[in-house]
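Asks:
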Amino acid sequence: MHVLITGANRGIGKAMADRYAAQGAQVTGTARVAGARLHRMDVTDPAAVNALADTMADQALDLLVCNAGVYADTGQSLDQGFPADMWADGFATNVTGVFLTVQAFLPHLRRAQAGKIAIISSQMASHTHAPGGSYIYRASKAAALNLGRNLASDLAAEGISVGIYHPGWVRTDMGGSTAEISVDESVTGLIARFAALSPATSGCFETWDGRVHPY
Numbered sequence: 062m063h064v065l066i067t068g069a070n071r072g073i074g075k076a077m078a079d080r081y082a083a084q085g086a087q088v089t090g091t092a093r094v095a096g097a098r099l100h101r102m103d104v105t106d107p108a109a110v111n112a113l114a115d116t117m118a119d120q121a122l123d124l125l126v127c128n129a130g131v132y133a134d135t136g137q138s139l140d141q142g143f144p145a146d147m148w149a150d151g152f153a154t155n156v157t158g159v160f161l162t163v164q165a166f167l168p169h170l171r172r173a174q175a176g177k178i179a180i181i182s183s184q185m186a187s188h189t190h191a192p193g194g195s196y197i198y199r200a201s202k203a204a205a206l207n208l209g210r211n212l213a214s215d216l217a218a219e220g221i222s223v224g225i226y227h228p229g230w231v232r233t234d235m236g237g238s239t240a241e242i243s244v245d246e247s248v249t250g251l252i253a254r255f256a257a258l259s260p261a262t263s264g265c266f267e268t269w270d271g272r273v274h275p276y
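Counted the way our numbering counts, the sequence shown spans residues 62 to 276.
Given below as structure tokens:
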């Protein structure tokens, strides 16, 4: 099994990469800065995404996990905050980066018997979870959810399944120390969700623990 995980330098991305490697999978982890077992690939840079895809030209990819994401707008003021460059950076990573990665690695997914794409979104993408604030993160994760749903439709005929997932409120640098669940709990649940993903469930929006989340 070959798994590619973006944003694998920390948090749930790193933990997923470690878990899959421990299970014997071939893991390609990416981050903006190369490191131990990490390939340099900034998902906002088409040239960098395509360059890594080119180095894997003859390989099959069983699972692509689009995990790279940013959450820069916490605590921003509605009256004076949320500058335009923050919007651009947030969407470049959380939405465009997902699309560019999927597009570049589609040939590799097609080489697998039943390729899968897992997009890490958030419950904050849902209209049912809208207490205000964090407009850039919420809007970009909602866009990633919409992107995943439409990719599921377009790729159904090729047998490539697409799932969109809320990883939980996780105790990471992004989630903070008061978050509800540990990295280990989130990763255990997500890996189970990815294993269960199939053409029959393609387009799903699920939580880390298997609940169907409203859009």
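Just so you know, even glycine gets a beta-carbon here, dropped at the ideal spot from N, CA and C.
With H, G and I counted as helix, E and B as strand and the rest as coil, what does DSSP make of G90?
Replies: strand
Asks: What does the Cβ neighbour count give for H188, buried or exposed, with the cut at 16 atoms within 10 Å?
Replies: exposed
Asks: In angstroms, rounded to a whole number, what distance separates the CA positions of D245 and T268?
Replies: 15 Å
Asks: Whose C-beta lies closer than 6 Å to the C-beta of R172 among residues of the same chain, with five residues either side of it excluded?
Replies: Only A121 meet the Cβ criterion.
Asks: Counting pairs of beta carbons, one from the region 216-223 and one from the region 146-158, are three or more of them closer than 8 Å?
Replies: The region 216-223 makes no contact with the region 146-158; the number of CB pairs closer than 8 Å stays below 3.
Asks: In chain order, what residues of the same chain lie with their CB nearer than 8 Å to the CB of A95, ignoring the 5 residues before and after it?
Replies: R101
Asks: For I225, which residues of its own chain have a beta-carbon under 6 Å away from its beta-carbon, when the five flanking residues on both sides are left out?
Replies: I180, S182, L206, G209 and F266
Asks: If distances are taken between C-alpha atoms only, which option among I73, L125 and G136 comes closest to H63?
Replies: L125
Asks: Once the 5 residues before and after A109 are set aside, which same chain residues still bring their CB inside 6 Å of it?
Replies: M102 and D103
Asks: I believe L113 touches N70 by the beta-carbon criterion, under 8 Å. Please report the beta-carbon distance rounded to the nearest angstrom.
Replies: Rounded, the Cβ-Cβ distance is 15 Å, inconsistent with contact.
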